[in-house]
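In the working numbering, the protein residues as written are 4 to 134. Here a beta-carbon is modelled for each residue, glycine too, at the ideal position from N, C-alpha and C. Keep in mind the model is a prediction, meaning the values are calculated, not measured.
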């Protein structure tokens, strides 16, 4: 602190730089002052607590800035990918995959029903020809 003052830095500049690398307890221990003094100075200069714990990341899919804890490793077709997306995008991905699977299954069921109907019609035509 004394050396920084000799370099021409004010208390506010010193505290701002220290808030980037530690909490109030770390700052008080490094400067050998009480935590109450650090809290007083932070209120006086309008400083907030360590921002490294509030780190955010921009999701590459939705583009929203989200807290780092909301990101997870992304699973694609049962394989782990290094692409990181937020939980909401992952949920949306799995929902769309589920909907695609449901639509595909229903389409296949409709195709089977059509084939059954065509075969029944052919059977009726053949039965009518036999009569």
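Inset, instruction - Check the DSSP bridge columns for residue 69 and list the partner residues they point to. - result: 60
Legend entry - Nonlocal neighbours in the same chain, by C-beta distance under 7 Å from residue 64, ignoring five residues either side: 88, 92
Legend entry - Simplified DSSP assignment, three categories, for residue 126: helix
Inset, instruction - With a threshold of 16 other CB atoms inside 10 Å of the CB of residue 30, please say whether the residue is buried or exposed. - result: buried
Inset, instruction - Give the C-beta separation of residue 12 and residue 50 to the nearest angstrom, bearing in mind that I take them to be a contact with Cβ-Cβ under 8 Å. - result: With 8 Å as the limit, residue 12 and residue 50 do not qualify as a contact, their Cβ atoms being about 15 Å apart.
Legend entry - Whole-number beta carbon distance between residue 27 and residue 38, since they are thought to touch under 8 Å: 6 Å
Legend entry - Member of 46, 42, 99, 128 whose CA lies at the smallest distance from the CA of residue 79: 99
Inset, instruction - Label residue 41 either buried or exposed according to how many other C-beta atoms from any shown protein chain fall within 10 Å of its C-beta, with 16 as the threshold for buried. - result: buried
Legend entry - Beta-carbon gap between residue 62 and residue 90 smaller than 7 Å: no
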